[in-house]
Amino acid sequence: MHLLQPIVVCSLLGSVVASPVETIANDFTPSQRRNAALGESTELNKRTWMSYNNIDGSATSGAKVLLKFIQSQFGWHYLSGQQDPTSFAWVQSQIGKTPAILGSDFIDYSPSRVAHGTSSTAVEDAIAFDKKGGINTFVWHWNAPTGLYDTSAEPWYSGFYTAATSFNVQSALNEGSNGANYQLLLRDIDAIAVQIKRLSDANVPILFRPLHEPDGAWFWWGAHGSGPFKQLWNLIYSRLTSYHGLHNMVWVCNTMASDWYPGNDKCDIATTDIYASAGDHNPQASAWQTLYGVTGGSRVLALAEVGVIPDPELQASQDIPWAYWVTWAGDFISGGGYNSKQFLFNVYSDSKVATVDGVTQIGNWKST
Numbered sequence: 012m013h014l015l016q017p018i019v020v021c022s023l024l025g026s027v028v029a030s031p032v033e034t035i036a037n038d039f040t041p042s043q044r045r046n047a048a049l050g051e052s053t054e055l056n057k058r059t060w061m062s063y064n065n066i067d068g069s070a071t072s073g074a075k076v077l078l079k080f081i082q083s084q085f086g087w088h089y090l091s092g093q094q095d096p097t098s099f100a101w102v103q104s105q106i107g108k109t110p111a112i113l114g115s116d117f118i119d120y121s122p123s124r125v126a127h128g129t130s131s132t133a134v135e136d137a138i139a140f141d142k143k144g145g146i147n148t149f150v151w152h153w154n155a156p157t158g159l160y161d162t163s164a165e166p167w168y169s170g171f172y173t174a175a176t177s178f179n180v181q182s183a184l185n186e187g188s189n190g191a192n193y194q195l196l197l198r199d200i201d202a203i204a205v206q207i208k209r210l211s212d213a214n215v216p217i218l219f220r221p222l223h224e225p226d227g228a229w230f231w232w233g234a235h236g237s238g239p240f241k242q243l244w245n246l247i248y249s250r251l252t253s254y255h256g257l258h259n260m261v262w263v264c265n266t267m268a269s270d271w272y273p274g275n276d277k278c279d280i281a282t283t284d285i286y287a288s289a290g291d292h293n294p295q296a297s298a299w300q301t302l303y304g305v306t307g308g309s310r311v312l313a314l315a316e317v318g319v320i321p322d323p324e325l326q327a328s329q330d331i332p333w334a335y336w337v338t339w340a341g342d343f344i345s346g347g348g349y350n351s352k353q354f355l356f357n358v359y360s361d362s363k364v365a366t367v368d369g370v371t372q373i374g375n376w377k378s379t
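Taking our numbering, the leading residue of the sequence shown gets 12, the next gets one more, and so forth.
The following block contains the structure:
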């Protein structure tokens, strides 16, 4: 809800070992998975492994390999991530590690913000990080296309919040393709398509997480129920893929509510956002079980946003293998309260946590 992740490859038997391209399903402990990969568990090797194709049948080679790579690490390593370049740089300078995933936002490419003079270097930052072997994830705090109150209490730059706009997504969708507000939805999606095309032209695949936290209703895209949300999800997908011909995205859903989940056929990675109490580093087992149930155990699960990083040792011992986590910016990472500096040193030194150095140790995970 608030406005970059590592892959240090685990060293097994004294040498750097990449896990198999497919990872064993989650009814086994991490140690069982590792043993199976080493040929030490006959029973486990007979079971189903986590592997599925991109929902976009025309996905670029980069998007395909990105999804397969994350699948291959699922249950082996927890890819570390950090939102916002400034906070990302703080981790690098203060902790001495580079997260595997950089979290960016399309927010300032929203037309109703551009109209107020905003600009962004998020695409340039992502291209630069990709060249270093990193993984990029993008959220979109979509400023409402119109109807911004722009008051002292609800300024224009808060226009992604339901409370800051009169824009009604249900009415806009019901207008149909010739409606003025429907056309504004398309205008905004098209504006983001321009930026995604820049990434595509640079051969940069991204984890794309639009319309996040919809069931909370605090964002306008979730303010009128799951029906309009799902319609808008489908509209974004079809507009970007079919109309604009963009296929460099791994599609990331962001809800634990079954009636809001778009479906496994419309979601590559299922995620949730969790802001636990300061210093509470439990691995969020209840959320894991809920999301596992929503997806039928058929999708990689991850924490798209966290305020407090789950303890990798607890993740392993409780067998809660979130594929990645992205820590939110500002005080959540650097304030010392949510995540102490010593805890961050411990996390980023843990062999189960992957940093960008680990990604490059595996080799070029992209097929570009």
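Where a beta carbon is used, it is the ideal one built from N, C-alpha and C, also for glycine.
Cutoff 7 Å; reference residue i; Cβ partners in own chain excluding five residues on either side
| i | result |
| --- | --- |
| Q329 | P294 and A296 |
| G318 | Y286, A287, W339, F343 and Y349 |
| K108 | P17, V102, Y359 and T366 |
| G25 | The pLDDT assigned to G25 is 26, lower than 50, so where the model puts this residue is not dependable; a value taken from the coordinates is nonetheless given after this. Nothing listed; no residue qualifies. |
| Y120 | S131, A202, I203 and Q206 |
| D270 | S237 |
| T176 | A155, G158, L159, Y160, G170 and W231 |
| F240 | L222, P225, W232, G233 and W271 |
| N179 | H235 |
| Q181 | H235 and P239 |
Residue i (DSSP reduced to helix, strand or coil)
| i | result |
| --- | --- |
| W384 | Absent from the structure is residue 384, since the part of the chain shown begins at 12 and ends at 379. |
| G236 | coil |
| V261 | strand |
| D95 | coil |
| S52 | Unreliable placement is indicated for S52, whose pLDDT of 42 sits below 50; the coordinate value is still reported in the next sentence. Reduced to three states, the DSSP call for S52 is coil. |
| L222 | coil |
| Y172 | strand |
| P110 | strand |
| F140 | helix |
| T252 | helix |
| G73 | helix |
| S420 | Outside the shown range of the chain (12 to 379) lies residue 420, about which nothing can therefore be said. |
| S104 | helix |
| E165 | coil |
| I66 | coil |
| S121 | coil |
| G369 | helix |
Nonlocal neighbours in the same chain, by C-beta distance under 6 Å from residue i, ignoring five residues either side
| i | result |
| --- | --- |
| I207 | L257 |
| A334 | I81, F85, V311 and A313 |
| Q326 | P294 |
| D322 | H292 |
| S69 | H258 |
| Q242 | L184 |
| A228 | A234 |
| L251 | A204 and L257 |
| T399 | Not covered by the structure: residue 399. The range shown for the chain is 12 to 379. |
Beta-ladder partner(s) of residue i, from DSSP
| i | result |
| --- | --- |
| V364 | Y89 |
| S115 | F149 |
| L159 | T176 |
| F230 | Y172 |
Sequence-distant residues of the same chain with beta carbon closer than 8 Å to residue i, five excluded per side
| i | result |
| --- | --- |
| G128 | none |
| D284 | M12, H223, E224, N265, L314, A315, E316 and V317 |
| A139 | none |
> If we count Cβ pairs, one from each stretch, closer than 8 Å, do we get three or more for the segment 128–142 versus the segment 353–365?
Replying inline: no
> Whole beta strand (DSSP E) runs in the segment 272–349 with 3 or more residues, listed along the chain?
Replying inline: 280–285, 311–317 and 335–338
>> Does the structure place the segment 264–273 close enough to the segment 196–207 that three or more beta carbon pairs sit under 8 Å?
In response: no
> Between the segment 216–228 and the segment 63–82, are three or more C-beta pairs nearer than 8 Å?
Replying inline: yes
>> If we require 4 or more residues per run, which alpha helix (DSSP H) segments fall completely within the segment 177–222?
In response: Inside the segment 177–222, DSSP marks whole alpha helix (DSSP H) runs of 4 or more residues at positions 180–185 and 191–212, from first to last along the chain.
> Is it a yes or a no for the segment 243–255 touching the segment 190–201, going by three-plus beta-carbon pairs under 8 Å?
Replying inline: yes
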